[in-house]
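Engineer: Got a structure for you, questions after.
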Amino acid sequence: VNNVDRLKPQKRGFFQTIFCCWRSTRSKNNQNGTPIDGSITPPTIQGQPRYLLPKIRHSDMHRKCMVIDLDETLVHSSFKPIPNADFIVPVEIDGTVHQVYVLKRPHVDEFLKKMGELYECVLFTASLAKYADPVADLLDQWNVFRARLFRESCVYHMGNYVKDLNKLGRDLQKIVIVDNSPASYIFHPDNAVPVKSWFDDTSDTELLDLIPLFEKLSKVDSVYTVLCHSGSESQLHQQQQQSPSQLSQQQQQQQQQNQTSNSNDVLLT
53 VNNVDRLKPQ
63 KRGFFQTIFC
73 CWRSTRSKNN
83 QNGTPIDGSI
93 TPPTIQGQPR
103 YLLPKIRHSD
113 MHRKCMVIDL
123 DETLVHSSFK
133 PIPNADFIVP
143 VEIDGTVHQV
153 YVLKRPHVDE
163 FLKKMGELYE
173 CVLFTASLAK
183 YADPVADLLD
193 QWNVFRARLF
203 RESCVYHMGN
213 YVKDLNKLGR
223 DLQKIVIVDN
233 SPASYIFHPD
243 NAVPVKSWFD
253 DTSDTELLDL
263 IPLFEKLSKV
273 DSVYTVLCHS
283 GSESQLHQQQ
293 QQSPSQLSQQ
303 QQQQQQQNQT
313 SNSNDVLLT
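Throughout, the working numbering is defined as the position within the sequence shown, counted from one, plus 52.
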């Protein structure tokens, strides 16, 4: 993909170094939601570049920056064969090539195309580039992502890979992060629009339903004027609107997902 800034991964060993989303600790902590009472001050890390993103393009000068997660936000991936996978990506691990089966979330194409018209879009994933980069090549048909950031750009904090928005080099009032994992944005919860984790529900409309909100956010002076009043309160409202049967069904689906994860699946992040 042309005009995309890529950060190359450090060489790592064994399966679990590849995908964070399948780490057993993430299934327990992140997908169930990390309690967030406010932002946490990110730790100071010496020796890293001042900013992760390149100088903003002239065409994006008046746009806000949208940081978009990959796994369980835009796609679901597994080392286990998936019927009708949208992509099959070969990934080399310790000299052996493994096939990763990737499903696209419903309406992801429409979502990305629209966001590319409104925002400076950045892919930010805790996965390694050897997996996430080729998936993004196939997913991003319109070259929406101005940059791609991978695991080494995260801050490892209390067992989680956190995306520190301070390191992007953009005005925090003009950054929104779209992610299924609350731990990913624990430093900046007021910049976040949470999305439900997606695995294989073909009737899912989450990305489509969020487009009106992002159209509104693209026009305000500060994202905080909208998100600070809608984040945790709207999540609580959504939970209150769910019937006991819906909540029970979601819990059963999560349990099934955890039970079907095999030794290969713990690689996904």
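Where is the CB? At the ideal position from N, CA and C, for every residue including glycine.
Which residues does DSSP list as the beta-bridge partners of S130?
Structural biologist: Y153
Engineer: For the region 120 to 133 and the region 179 to 195, state whether three or more C-beta atom pairs, one from each stretch, are separated by less than 8 angstroms.
Structural biologist: yes
Engineer: Rounded to a whole number of angstroms, what is the C-alpha to C-alpha distance between A178 and R203?
Structural biologist: 4 angstroms
Engineer: Can we say the region 165 to 172 touches the region 265 to 280, given the rule of at least three CB pairs closer than 8 angstroms?
Structural biologist: yes
Engineer: Output the distance between the C-alpha atoms of S233 and L217, rounded to the nearest integer angstrom.
Structural biologist: 15 angstroms
Engineer: Evaluate the contact criterion for the region 150 to 163 versus the region 251 to 269: three or more CB pairs, one atom per stretch, below 8 angstroms.
Structural biologist: yes
Engineer: What residue from D253, V214 and V278 has the CA that sits closest to P264's CA?
Structural biologist: V278
Engineer: Tell me which same chain residues have a C-beta within less than 8 angstroms of the C-beta of V174, skipping the five on either side of it?
Structural biologist: L105, C117, M118, V119, I120, F197, R198, A199, R200, L201 and L220
Engineer: I'd like to know whether the C-beta atoms of S236 and V207 end up nearer to each other than 8 angstroms.
Structural biologist: No, these two residues do not count as a Cβ contact at 8 angstroms.
Engineer: So, are the CB atoms of Q134 and Y153 less than 8 angstroms apart?
Structural biologist: Sequence check: residue 134 is Ile here, not Gln. Yes, they are a contact pair.
Engineer: Nearest CA to the CA of T254: which residue from K107, V149 and N136?
Structural biologist: Out of K107, V149 and N136, N136 has the C-alpha closest to the C-alpha of T254.
Engineer: Mark P241 as exposed unless 16 or more other C-beta atoms lie within 10 angstroms of its C-beta, in which case mark it buried.
Structural biologist: buried
Engineer: What residue range does the beta strand (DSSP E) around L175 cover?
Structural biologist: E172 to F176
Engineer: DSSP puts M118 in a beta bridge; with which residues?
Structural biologist: C173 and V228
Engineer: For a minimum of 3 consecutive residues, which ranges assigned as the beta strand (DSSP E) are wholly contained in the region 199 to 275?
Structural biologist: 207 to 209, 212 to 214, 227 to 231 and 244 to 246
Engineer: Quick one: is I227 buried, meaning 16 or more other Cβ sit within 10 Å of its Cβ, or exposed?
Structural biologist: With 16 or more other Cβ atoms within 10 Å, it is buried.
Engineer: Kindly identify the DSSP beta-bridge partner or partners of T148.
Structural biologist: I145
Engineer: How many Å lie between G211 and M113 at the Cα?
Structural biologist: 36 angstroms
Engineer: Run through DSSP, which three-state label would D123 get?
Structural biologist: strand
Engineer: Buried or exposed, going by whether 16 or more other CB atoms sit within 10 Å of the CB of W250?
Structural biologist: buried
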